[in-house]
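Read top to bottom, the protein sequences are chains R and V.
Position 331 of the first sequence, counting from 1, maps to 600 under our numbering, and the rest follow consecutively.
Position 46 of the second sequence, counting from 1, maps to 73 under our numbering, and the rest follow consecutively.
All C-beta atoms in this analysis are idealised placements derived from N, C-alpha and C, irrespective of residue type, glycine included.
First the structure, in the form of structure tokens, and then the observations on it.
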Amino acid sequence: MAQPPQPSPESTPLLSMTGIVKQFPGVRALDGVDFQVRRGEIHSLMGQNGAGKSTLLKVLTGVYTRDAGQMLLDGRVISPRSPLEAQGEGISTVYQEVNLIPDLSVAENIVLGRQTQRFGFIDWRAARRQADAALARLDLQLDVSASLNSYSIAIQQMVAIARALDEECSLLVLDEPTSSLDQQEVARLFGVLRRLRDDGLGIVFVTHFLDQVYQISDTITVLRNGRLVGEWPAAEFSRIELIARMLGRDPASLTEAEAGAAPPSPVAAAEAARLVAHQLGRRGQLQPVDVEVGAGEVLGLGGLLGSGRTELARLLFGLDRADSGRVELAGRAVRRGQPRSAIAAGMGYSSEDRKVEGIIPELSVRENLILALASKRGLWRRLGRAAQEALADRYIQALGIATPDAEKRISELSGGNQQKVLLARWLAAEPSLLILDEPTRGIDVGAKAEIMALVADLKARGMSVVFISSELEEVVRSSDRIMVLCDRAALGELRGESKTEQAMLARIASAHQEVSGG
Amino acid sequence: MRRLLGPRMLPLAATGLVVVLLYLAAGAKFHDSNWFTYRVLRDLVVNNGVLGVLAIGMTFVILSGGIDLSIGSTVAFVGILSATLLGQGWSPPAVITLSLVCGVALGALMGWLVASFDLPPFMVTLGGMFLMRGVTLLINDSQIAITHPTYLASGKWPIHPAAGAWLIALVVALYLLHYTRFGRNIYAVGGSEQSALLMGLPVWRTKVAVYACCSLFAAFAGVAQSFVSLSGDSTQGVAQEMDAIAAVVIGGTLLTGGRGYVAGTVLGVLILGLIQSAIIFANINSWWTRIGIGLLLLIFVLLQRAIQQRVDRQ
Numbered sequence: 270m271a272q273p274p275q276p277s278p279e280s281t282p283l284l285s286m287t288g289i290v291k292q293f294p295g296v297r298a299l300d301g302v303d304f305q306v307r308r309g310e311i312h313s314l315m316g317q318n319g320a321g322k323s324t325l326l327k328v329l330t331g332v333y334t335r336d337a338g339q340m341l342l343d344g345r346v347i348s349p350r351s352p353l354e355a356q357g358e359g360i361s362t363v364y365q366e367v368n369l370i371p372d373l374s375v376a377e378n379i380v381l382g383r384q385t386q387r388f389g390f391i392d393w394r395a396a397r398r399q400a401d402a403a404l405a406r407l408d409l410q411l412d413v414s415a416s417l418n419s420y421s422i423a424i425q426q427m428v429a430i431a432r433a434l435d436e437e438c439s440l441l442v443l444d445e446p447t448s449s450l451d452q453q454e455v456a457r458l459f460g461v462l463r464r465l466r467d468d469g470l471g472i473v474f475v476t477h478f479l480d481q482v483y484q485i486s487d488t489i490t491v492l493r494n495g496r497l498v499g500e501w502p503a504a505e506f507s508r509i510e511l512i513a514r515m516l517g518r519d520p521a522s523l524t525e526a527e528a529g530a531a532p533p534s535p536v537a538a539a540e541a542a543r544l545v546a547h548q549l550g551r552r553g554q555l556q557p558v559d560v561e562v563g564a565g566e567v568l569g570l571g572g573l574l575g576s577g578r579t580e581l582a583r584l585l586f587g588l589d590r591a592d593s594g595r596v597e598l599a600g601r602a603v604r605r606g607q608p609r610s611a612i613a614a615g616m617g618y619s620s621e622d623r624k625v626e627g628i629i630p631e632l633s634v635r636e637n638l639i640l641a642l643a644s645k646r647g648l649w650r651r652l653g654r655a656a657q658e659a660l661a662d663r664y665i666q667a668l669g670i671a672t673p674d675a676e677k678r679i680s681e682l683s684g685g686n687q688q689k690v691l692l693a694r695w696l697a698a699e700p701s702l703l704i705l706d707e708p709t710r711g712i713d714v715g716a717k718a719e720i721m722a723l724v725a726d727l728k729a730r731g732m733s734v735v736f737i738s739s740e741l742e743e744v745v746r747s748s749d750r751i752m753v754l755c756d757r758a759a760l761g762e763l764r765g766e767s768k769t770e771q772a773m774l775a776r777i778a779s780a781h782q783e784v785s786g787g
Numbered sequence: 028m029r030r031l032l033g034p035r036m037l038p039l040a041a042t043g044l045v046v047v048l049l050y051l052a053a054g055a056k057f058h059d060s061n062w063f064t065y066r067v068l069r070d071l072v073v074n075n076g077v078l079g080v081l082a083i084g085m086t087f088v089i090l091s092g093g094i095d096l097s098i099g100s101t102v103a104f105v106g107i108l109s110a111t112l113l114g115q116g117w118s119p120p121a122v123i124t125l126s127l128v129c130g131v132a133l134g135a136l137m138g139w140l141v142a143s144f145d146l147p148p149f150m151v152t153l154g155g156m157f158l159m160r161g162v163t164l165l166i167n168d169s170q171i172a173i174t175h176p177t178y179l180a181s182g183k184w185p186i187h188p189a190a191g192a193w194l195i196a197l198v199v200a201l202y203l204l205h206y207t208r209f210g211r212n213i214y215a216v217g218g219s220e221q222s223a224l225l226m227g228l229p230v231w232r233t234k235v236a237v238y239a240c241c242s243l244f245a246a247f248a249g250v251a252q253s254f255v256s257l258s259g260d261s262t263q264g265v266a267q268e269m270d271a272i273a274a275v276v277i278g279g280t281l282l283t284g285g286r287g288y289v290a291g292t293v294l295g296v297l298i299l300g301l302i303q304s305a306i307i308f309a310n311i312n313s314w315w316t317r318i319g320i321g322l323l324l325l326i327f328v329l330l331q332r333a334i335q336q337r338v339d340r341q
């Protein structure tokens, strides 16, 4: 058979995905996406929530099979149907959580499934040598007969990479490998990645940390809503342009905007703030921040996905245990890591993930609605049935919840109405501070407007609100002040005149320039 | 020595120490009797050989993160099957081969159900337990004596059949668990099934093989039992799977899987046996054996948790 003329190996990309389509019931997660990785390149894949990053990675690593499109590795057509098959083709993946066996030794974790055998016996000495060699490629010397869980997560991550490399891979996929590493550990990992790149490996890197993207990548591909936005060399792609592309904005309009946001400063409120959090933080989750919210004030938390918005909310409410700082609400100290204490102090938290952390699908609207109040009152002061019904009816009316009656199962309501029930749940408990994490996600435009109107109404009645949304425009519209977050740290505050979407984006982008420049 | 006192071998070394101490303590109590004689040690091995084989098979399943409740019934089934077929003139090699094949077939079936349909091993093997007990009673609901000369002659063997079976099982298990990929995959699957899948290990195959292996050991124990008791008994081995589980756990294998040693299981069986011997020597009600094992099990589980937490904190 005649071979078609092959272009020189330098010019063929290592990986070439073209026109990839992946359809899920009701959603087209990938809509004709092209993605290319060359040898000796670290390629960052960027995008907001729902952009299709993780779906693309799953298609690449054999977790999902594509519905259309072509995938070439080294010029060969590949269609992996499992992670095992993808590995066989030379695509190795290192996941966010270390996927090794913690109780087995380091050596075993590296050679497992590929042990050298002699006369039907595993050759343990060869296994240790093999492991030493694999780790040496990463400039790492470990006692390979010690069990894996005697090492830090960072080292375990390296062992996972060593295992991946020992598998004769040509493409290494790293899915948020840095989320549990500290700065030094990240630097070490990056050192290793650069060496591997120089050895000619293709590396796909996914992270939420914008800073790391610029530290490590040669090329950046941006996805948005399941479509390819474009591919740029990292050196020629400004941060503000990257952010604008991820959000689907026109970069030209942003570059003109002034980056002049106020530096981080305490609130100059005349009266004492209602919520005071001082140096609140948790290692690997959020660098310590100060937060103050006054009575009748809406504080918006602005930032991209993974910037630390939800992390801050969870720390405030005590869902995650802070390892530094303190929180006070109306002069009452909230105990660390205890949501019950936060509720008792008058805090409410409507979580980001409505389905998992919010509604209890099998219960009725009424039962879902009284949950927070019941928990606040305690077991011995139960609310009578009549009182429950009156309460439910009042909030169904007040919030315009579209349900025939209070006894309907909440899972049968639309997303927007479920969200309203959740809001009502907290309102019924009469909190003095309400944290709303993505209250408008996944609901229709009309319901969004109603929720926004409700926030304004609460504010007018003197309630304090912490408002989180991925839609920067919503944050700008509904907040009195905006705290801008990026890479798990607070960047500063925007208020008054400077409280615009452009300023917020400029602030995020310029913060990166300062950090990497300095 | 360093390895023996390292965090991974320490629990095993500690269990070994308990066996020795238990033996010496009982000796101190019964110093005027014949506790420190070869006979007592020999009986300890001989009387617990069948349980020893069962517990070794159970170690495989528990290491993989599963459980097998059917092994006691399998012992009875093999006993009745052997006695019946030998009575009909089958030759011992044919009977033994058929018994082992039946064991593998049952285990593979249960493993297939567990691995393919993600069914809880507890339920599947509970089904296997009832099934095998029922089939046994169907063949014969009482006791049948074995009079085949080969079986009768086993008393003159240089090694007692139960002790021999235990030794063979131990060597085979040590080889499989520590020197084959299959054995290491068992540890991996028990340690983290999700990781094992992502590491590209044959999880399905390993699970099926683990149950086949355990039932094979159980059938082998049944063969040994029929040599020892020279009969098939449909009520043999009732609740013996529980003794086996107790021995495995006392031997330091984690019920959640992924951590443990066959050697520990051997020690676990010896501890159970020592308690039993001591209670016979003390000439008290034999139900105290159960109470002793029950208390010991709870203490050991607590101890293991404590050691584990210390190791994990380091």
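Asked                                                                                                                                                                      : Found
Buried or exposed for Gln548/R, going by 16 or more other Cβ atoms inside 10 Å?                                                                                            : exposed
If we ignore side chains and look at the alpha-carbon of each, how far apart do Ile712/R and Ala722/R end up?                                                              : 15 Å
Does the CB of Ala215/V have a neighbour CB from chain R at under 8 Å?                                                                                                     : yes
Could you pull out every residue in the same chain whose Cβ sits closer than 7 Å to the Cβ of Gly54/V, ignoring the five residues on either side in sequence?              : Trp62, Phe63
Strictly under 8 Å for the Cβ-Cβ distance: is Arg29/V near chain R by that measure?                                                                                        : Note on Arg29/V: pLDDT 47, under 50, position unreliable in the model; no value is reported.
Can you have a look at Leu598/R and say buried or exposed, based on whether 16 or more other CB atoms are within 10 angstroms of its CB?                                   : buried
Can you tell me which of the three DSSP states Cys240/V falls into?                                                                                                        : helix
Residues of the segment 193–224 of chain V in Cβ contact with chain R at a cutoff of 8 Å, in chain order, please.                                                          : Tyr202, His205, Tyr206, Thr207, Arg208, Arg211, Asn212, Tyr214, Ala215, Gly218, Ser219, Gln221, Ser222, Ala223, Leu224
Tell me whether the beta-carbon of Ile777/R lies closer than 8 Å to the beta-carbon of Leu573/R.                                                                           : yes
Just the chain V side, please: which residues come within less than 9 Å of Ala352/R by C-beta, in chain order?                                                             : Going by the sequence as given, residue 352/R is Pro instead of Ala. Neighbours of Pro352/R on chain V, chain order: Leu224, Leu225, Met226, Gly227.
With a threshold of 6 Å on Cβ separation, who are the neighbours of Leu497/R within its own chain once the five nearest residues in sequence on each side are excluded?    : Val302, Asp303
To the nearest angstrom, how far is the alpha carbon of Gly331/R from that of Val491/R?                                                                                    : 21 Å
In chain order, what residues of the same chain have a beta carbon less than 8 Å from the beta carbon of Asp706/R, not counting five sequence neighbours either side?      : Arg578, Thr579, Ala582, Tyr618, Ser619, Ser620, Glu621, Ile737
Can you pull the DSSP bridge partners for Glu561/R?                                                                                                                        : Val545/R
Which term fits Arg605/R, buried or exposed, when burial requires 16 or more other beta carbons within 10 angstroms of its beta carbon?                                    : buried
Enumerate in chain order the residues of its own chain whose CB-to-CB distance from Gly284/V is below 8 Å, with the five nearest sequence positions on each side excluded. : Ile89, Leu90, Ser91, Gly92, Gly93, Val216, Gly217, Gly218
Suppose the cutoff is 8 Å on Cβ atoms and the five residues either side in sequence are ignored; what does the same chain contact list for Glu719/R look like?             : Leu668, Gly669, Gly685, Lys689
Quick check on DSSP: helix, strand or coil for Val664/R?                                                                                                                   : In the sequence under discussion, the amino acid at residue 664/R is Tyr, which differs from the Val named in the question. Helix.
Kindly confirm or deny that the segment 725–734 of chain R and the segment 756–769 of chain R touch, where touching means at least three C-beta pairs closer than 8 Å.     : no
For Phe304/R, which beta-bridge partners are listed by DSSP?                                                                                                               : Met286/R
Between which two residues does the beta strand (DSSP E) carrying Phe474/R extend?                                                                                         : 471–475
Relative to the alpha-carbon of Ser419/R, which residue among Gln386/R, Ala376/R, Arg654/R has its alpha-carbon at the smallest distance?                                  : Ala376/R
In angstroms with no decimal places, state the Cα-to-Cα distance between Leu127/V and Leu243/V.                                                                            : 6 Å
For the pair the segment 137–156 of chain V and the segment 96–107 of chain V, tell me if three or more CB-CB distances fall below 8 Å.                                    : yes
Taking a cut of 7 Å between CB atoms, which residues from the segment 434–449 of chain R lie near chain C?                                                                 : As a matter of chain content, chain C is missing from the structure shown, whose protein chains are R and V.
Would you mind reading off the limits of the beta strand (DSSP E) that contains Ser619/R?                                                                                  : 616–619
Grouping DSSP H, G and I as helix and E and B as strand, with all else coil, what is Pro502/R?                                                                             : strand
Rounded to whole angstroms, what's the CA-CA distance from Pro188/V to Ser181/V? Just pull it up for me.                                                                   : 7 Å
Do you know offhand how far Asp480/R's Cα is from His312/R's?                                                                                                              : 14 Å
Between Ile302/V, Asn310/V, Leu329/V, which has its C-alpha nearest Ile318/V's C-alpha?                                                                                    : Ile302/V
Less than 8 Å between CB atoms is the rule here; does Pro502/R satisfy it with respect to chain V?                                                                         : no
Contact between the segment 283–292 of chain R and the segment 322–331 of chain R: three or more CB pairs below 8 Å?                                                       : yes
Scan the segment 374–397 of chain R for residues whose Cβ lies nearer than 7 Å to a Cβ of chain V and list them as they occur along the chain.                             : Glu377, Leu381, Gly382, Gln384, Phe390, Ile391
Please tell me whether Leu284/R has its Cβ less than 8 Å away from any Cβ of chain V.                                                                                      : no
Would you call Glu770/R buried or exposed, if buried means 16 or more other Cβ atoms sit within 10 Å of its Cβ?                                                            : buried
Using beta carbons (cut-off 8 Å, strictly below), is Arg69/V in contact with chain R?                                                                                      : no
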